[in-house]
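Residue numbers (this note's numbering): 1111 to 1244. One structure below.
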Ligand code: CO
């Protein structure tokens, strides 16, 4: 079921500063910021060749990463995203195994225009897991 690592996401308090760190200090190629109001974040992607880094900044009132940044004010690793071939089949298999799917359990369209789901970190070794249909 589990496919390749699509990205590792890092929550940051200041997206412009984080983007500059990756672009200028690390010499990375960065995308333009993309606002995702439905997800409560603005994102920048960094292509590292074998995978991507997703920088996340809170957007709007009830951003799902606001509490994380309260606990980690300078930012931190927020989630890992794995690709799956069939997100509904993956969800049903995980739910049958007792894993908790966040939100209403239905995929939302993510930053790449593809369906995504998030899985409870307590069910996956303390790490928030995103699944994206490849
Ligand atoms: Co992500």
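We treat Cβ as the ideally placed atom computed from N, Cα and C, and that holds for glycine.
CB of residue 1222 to nearest heavy atom of the ligand CO: below 7 Å?
Checking the Cβ of residue 1222 against the ligand CO gives no.
Is residue 1119 near the ligand CO, judged by its Cβ being under 7 Å from some heavy atom?
Yes, Cβ of residue 1119 sits closer than 7 Å to a heavy atom of the ligand CO.
Compute the minimum distance between the beta carbon of residue 1148 and the heavy atoms of the ligand CO, and state whether it is under 7 Å.
Outside the cutoff, so no.
Below 8 Å on the Cβ atoms is my contact criterion, and I expect residue 1151 with residue 1168 to pass it. Report the Cβ-Cβ distance as a whole number of Å.
With 8 Å as the limit, residue 1151 and residue 1168 qualify as a contact, their Cβ atoms being about 6 Å apart.
Would you call residue 1240 buried or exposed, if buried means 16 or more other Cβ atoms sit within 10 Å of its Cβ?
By the neighbour-count rule (16 or more Cβ atoms within 10 Å), residue 1240 is buried.
Just to check, is the beta-carbon of residue 1171 closer than 7 Å to a non-hydrogen atom of the ligand CO?
Result no, Cβ not under 7 Å from the ligand CO.
How should residue 1216 be labelled, buried or exposed, when 16 other C-beta atoms within 10 angstroms of its C-beta is the threshold for buried?
Exposed.
Between which residues of its own chain and residue 1231 is the CB-CB distance below 7 Å, once the five residues before and five after are set aside?
Hits under 7 Å: 1237, 1238.
For residue 1152, which three-state DSSP category applies?
Three-state DSSP puts residue 1152 in a strand.
Quick check on residue 1178: does DSSP put it in helix, strand or coil?
Three-state DSSP puts residue 1178 in a helix.
I need the straight-line Cα distance from residue 1117 to residue 1166, nearest angstrom please.
Taking the straight line joining both Cα atoms gives about 12 Å.
What are the residues that DSSP puts in a beta bridge with residue 1162?
DSSP output for residue 1162 lists 1117, 1157 as bridge partner(s).
Could you check whether the Cβ of residue 1235 sits closer than 7 Å to any heavy atom belonging to the ligand CO?
Checking the Cβ of residue 1235 against the ligand CO gives no.
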